[in-house]
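In our numbering, the protein residues as written are 1030 to 1175. Using N, Cα and C, we set each Cβ at its ideal position, and we do this for glycine too.
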Ligand code: THU
């Protein structure tokens, strides 16, 4: 992926962040998932009055892509802002549930771009770095990813 492609993915995530439904935490998060074929699926966090059903931006992007029949993913960009507590820091690293959710469908070398709220700077990681020794489909079925 070129620097330009990475920046474009971060900008797509930042655009999606505007639609976040986060009345409880005030943390607005956007994600943009890039398929191996070059398509981008965006998502944002959707909170819930009962709190537990809250869906993160990463999972909403992945679910949208899966609904379109996508199964091969290359990268995901995540960006967020804490509107109530900006000093809390603006890097939204994928939560543990999202890391595990991605582990099901994404390769270990999936590029994960964690951007600051401006979208101008981002850190580049991989799924394997964020979820080492992850438990995946091959541990249940004895095969690689289906
Ligand atoms: N959140 C995400 O959408 N993605 C992350 O990477 C971390 C957290 C959301 C969930 C919740 O709506 C809010 O941020 C505060 O945890």
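Checklist entry - What's the gap between the Cα of residue 1138 and the Cα of residue 1103? => result Going from the Cα of residue 1138 to the Cα of residue 1103 covers about 8 Å.
Checklist entry - Just checking, does the stretch 1084 to 1101 make contact with the stretch 1150 to 1158 on the three C-beta pairs under 8 Å criterion? => result Verdict: no, contact absent.
Checklist entry - My guess is that residue 1075 and residue 1050 are in contact by the Cβ rule of under 8 Å, so how many angstroms apart are they, rounded? => result Contact holds; Cβ gap of about 5 Å.
Checklist entry - To the nearest whole angstrom, what separates the beta carbons of residue 1169 and residue 1144, a pair I think is in contact under 8 Å? => result Actually they are not in contact, since the Cβ atoms of residue 1169 and residue 1144 sit about 33 Å apart, beyond 8 Å.
Next on the checklist: Applying the 10 Å Cβ sphere with the 16-neighbour rule, what's the burial state of residue 1110?
Outcome noted: Residue 1110 sits buried, since 16 or more C-beta atoms from the chains shown fall within 10 Å of its C-beta.
Checklist entry - For residue 1087, which of 1147, 1140, 1080 has the nearest alpha-carbon? => result The shortest C-alpha separation from residue 1087 is found at 1140.
Checklist entry - DSSP three-state call for residue 1056: helix, strand or coil? => result The answer is strand: DSSP assigns residue 1056 an E or B state.
Checklist entry - At a Cβ threshold of 7 Å, is residue 1117 touching chain C? => result Among the protein chains of the structure shown there is no chain C, as only one such chain exists.
Next on the checklist: In the DSSP assignment, the alpha helix (DSSP H) including residue 1126 goes from what residue to what residue?
Outcome noted: Here the alpha helix (DSSP H) through residue 1126 covers 1125 to 1134.
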